[in-house]
Every structure is written in structure tokens, then in C-alpha cells.
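J.: Reminder that position 260 of the sequence shown reads as 946 in our numbering, one-by-one numbering, no gaps.
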Amino acid sequence: MRRIYLLPLTTLALGLVAWSAALEAEQPEIPPIEVHQLSDTLHMLGSGMSTGGNIAMLVAESGVVLVDTKNEGYGPTILELVQEITDKPVVMIINTHVHFDHSGANTEFPDTVHYVAHENIRRHWARTDCAPIPTNCDDFQGENRKYLPQTTFSDRMSLFAGTPDQIDLYYFGRGHTDGDTFVVFKEARAMHVGDMFLGRTLPFIDGQNGNGGSAIEFGRTLTKVIDNVPDVDIIINGHWDTPMEWSDLVSYRGFYVDLYNQTRASIDAGLTAEEAIATYEKPARYAEFTANKCCGNFTVDPIVNYIFQGI
């Protein structure tokens with residue numbers, strides 16, 4: 687079952703004075719969050735890139751479980767959306783990786799929430815020398831250290847095992863970062879993949895900020911997911927505005943591995959990184975994916991350069 691609807695933000699109190707309306711007119715409106723119902727108990731809170739990473743929301747017997755929390759400032763909005771769907775409280779937050787656009791609102795939830803993450807994620811957040819690493823660890827300093835994950839895992843862990851709410855957490859190695867967690871909702875046959883598959887574009891490999899990303903390992907990690915995670919039909923991406931299917935993940939793995947293989951062939955042929963970028967051609971079978979060249983993240987250039995550097 688998939689239904690999509692937009693839930694409005696809570697209406698401003700009628701007694702607001704006129705200056706508040708003027709202030710709102712001067713500030714950009716917070717982009718709305720789209721809610722996709724994937725099953726009776728599982729929702730995706732999305733909106734692509736505009737609000738931060740996509741959230742998975744499970745209405746479990748014991749309360750609501752969230753996977754990721756978008757950008758800083760979205761905590762109240764997320765709680766409003768949860769209250770529109772269920773009267774159960776948020777009891778657990780799981781994070782797919784360290785970045786601020788997936789964990790920015792972690793510290794905006796009640797102290798009763800239990801936090802779960804891979805051990806590498808907690809290690810990054812527990813640092814005291816945060817800058818310039820974009821791990822969001824600034825949010826976990828001082829009194830906010832109480833929001834650090836209380837439960838961590840290394841390679842696999844099951845939550846609510848043996849119940850309809852069972853959630854399986856997997857870690858298969860480096861890729862986007864060194865803590866990318868795959869979150870499987872067993873009953874719904876759905877998996878949140880974080881930014882290991884953010885959408886129909888090349889990934890951002892965080893290989894220079896101390897977050898452990900690897901262009902060399904990225905494709906191998908996806909292959910381990912495909913070979914070892916059973917019974918998944920629905921994919922919740924890191925940033926794509928609609929859910930995808932398992933076959934899309936398989937195609938994405940092929941798309942990335944082809945770029946890796948072409949780059950390795952260029953290295954073996956004695957080409958430079960610049961020449962490898964120039965000679966790369968995206969196969970027609972991956973037409974649905976974007977592989978731009980030149981500048982910035984999500985392009986061919988940084989991935990090829992990382993592979994040449996052995997990262």
C-alpha cells in the first residue's frame with residue numbers, strides 16, 4: 687500500500703500580533719514534508735533534498751520509531767506530523783550515518799527517546815574537535831551529550847525481534863561514510879538505505895572530512911547488501927522524493943560498479959585521472975541515472991579522483 691499526502695504544519699495561534707506576520711514574510715518558509723504511507727504502520731517522511739534526508743517512521747506497539755531526523759530545526763515539525771498520524775510518542779531514533787542533514791534534529795526530541803546507531807557514528811559524534819568535519823558532532827557537546835546513542839552495534843542487530851515490529855540493522859562496510867546503516871522493516875519488506883542510494887544520481891563520497899567514505903569500497907558494500915539482505919521490496923532512499931524498489935537498488939549498484947570498472951581500466955591503461963574522466967561513458971542501460979562531469983558533489987570527477995587516490 688502506498689499513499690501520499692501532505693500534512694500541514696500546525697496553524698499559528700490566532701492571537702499572534704501583526705509584527706510576527708511581517709517577520710514571517712521576510713523569512714523563507716520551511717519546505718513542507720511529504721508523507722508516503724508504505725504499509726499500515728510504516729511511513730516515509732520525505733521531500734527530496736529540500737528538508738534534509740528522508741525519514742522512515744514506524745508506528746510500533748511500544749511507540750514511534752524514526753530513522754533519521756532531517757536538518758536542524760525540524761524536530762517540532764516532525765513531532766507534529768507524528769501526532770497527525772498516531773497518538774503514540776516517539777520512543778526511538780535510529781540514524782543511518784553521521785551527517786547533519788540526517789541527524790540535525792536529534793537533540794530536539796524529548797529526553798525519553800532512545801537513540802541507536804552504528805558504533806562509528808557514535809564515535810564521530812562523541813568527538814570534541816568537531817570542526818571542520820561535517821559530522822554534526824557540535825550538537826552533542828556539553829549537556830547535549832545525553833543525546834549520544836545509548837545503543838550501538840558493529841555489524842548486525844535486531845530490534846523488537848520476533849514481533850511484527852522487528853527492525854534489522856546491517857553494516858557492511860565503508861561507502862558514503864564509515865557508518866552507513868541499512869535499516870530493514872521486516873513486516874513491511876522495506877529498507878532505509880540512507881545516502882548509500884540517495885537517488886538517481888552518483889553518490890557523495892565523504893572521503894576528505896574524516897568520515898571514512900570510500901569510492902573503492904562503495905560498490906562492494908552495495909553488493910554485500912544485495913547478496914545478504916533478504917525479502918525487501920521497498921527502498922527508502924536518502925533524498926529521493928518518492929520510494930523506490932529493490933530492482934532500482936540493483937540497477938544503481940550496476941551503475942556505480944560500471945563507473946568503478948571503467949576507472950580501473952583507465953588506471954591499468956596508464957591514463958591520468960583527467961583522461962579517465964574524459965573517456966568515461968555512461969552505458970545506455972543506466973539512462974535513468976545522472977552522471978554529470980565537472981564540478982561539485984554527485985558527479986563523475988570526485989569519484990574518479992578518489993579511486994585514483996586509493997580512497
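Beta carbons: idealized from backbone N, C-alpha and C, even for Gly.
Cα separation between Ile902 and Tyr992?
T.: Roughly 8 angstroms separates the two Cα atoms.
J.: Pull up the distance between the alpha-carbon of Tyr691 and that of Val721, whole angstroms please.
T.: Bear in mind that a pLDDT of 47 at Tyr691, under 50, signals an unreliable position, so the number given afterwards is only what the model happens to contain. Computed Cα separation, rounded: 6 angstroms.
J.: So, under 8 angstroms CB-CB, Thr985 and Leu888 are touching, yes? Tell me the CB distance rounded to an integer number of Å.
T.: Indeed, because the Cβ distance is near 6 angstroms, the residues count as touching under 8 angstroms.
J.: Are Arg875 and Asp917 close, meaning C-beta to C-beta below 8 angstroms?
T.: Taking 8 angstroms as the Cβ cut-off, Arg875 and Asp917 qualify as a contacting pair.
J.: When DSSP builds the beta bridges, which residues end up paired with Thr949?
T.: Answer is none; Thr949 lacks a bridge partner.
J.: Quick check: the region 832-850 against the region 793-807, are there 3 or more CB pairs under 8 angstroms?
T.: Output reads yes: the region 793-807 touches the region 832-850.
J.: Would you check if the distance between the CB atom of Leu752 and the CB atom of Val784 is smaller than 8 angstroms?
T.: Going by C-beta atoms, Leu752 is not nearer than 8 angstroms to Val784.
J.: I'd like to know whether the C-beta atoms of Asn822 and Gly865 end up nearer to each other than 8 angstroms.
T.: No.
J.: Please state whether DSSP places Ser900 in a helix, a strand or coil.
T.: It is coil, neither helix nor strand.
J.: For Thr737, is the classification buried or exposed, using 16 other Cβ atoms within 10 angstroms of its Cβ as the cut-off for buried?
T.: Buried is the call here.
J.: Quick check on the DSSP output: what are the complete beta strand (DSSP E) runs of length 3 or more inside the region 931-991, in order along the chain?
T.: Counting only runs of 3 or more, we get nothing.
J.: May I ask you to verify whether the region 767-774 touches the region 966-974, counting CB pairs closer than 8 angstroms and requiring at least 3?
T.: Taking 8 angstroms as the limit for Cβ pairs, the verdict is that the region 966-974 does not touch the region 767-774.
J.: Consult DSSP for Gly999 and reduce its assignment to one of helix, strand or coil.
T.: Past the edges of the chain, shown from 687 to 997, lies residue 999, and the structure says nothing about it.
J.: Would you mind listing the beta strand (DSSP E) stretches within the region 759-846 that are 3+ residues and don't spill past its ends, in chain order?
T.: Counting only runs of 3 or more, we get 776-780, 800-804, 837-839, 842-845.
J.: May I ask you to report which of helix, strand or coil DSSP gives Gln894?
T.: In this structure, Gln894 counts as coil in the three-state DSSP scheme.
J.: With 16 as the cutoff for other CB atoms within 10 Å, does Asp815 come out buried or exposed?
T.: Looking at its Cβ environment, which holds fewer than 16 other Cβ atoms inside 10 Å, Asp815 is exposed.
J.: Report back the beta-carbon spacing between Ala959 and Phe904 to the nearest angstrom; my notes put them in contact at under 8 angstroms.
T.: 17 angstroms between Cβ atoms; not a contact.
J.: Helix or strand or just coil, what does DSSP make of Ile993?
T.: Three-state result, Ile993: helix.
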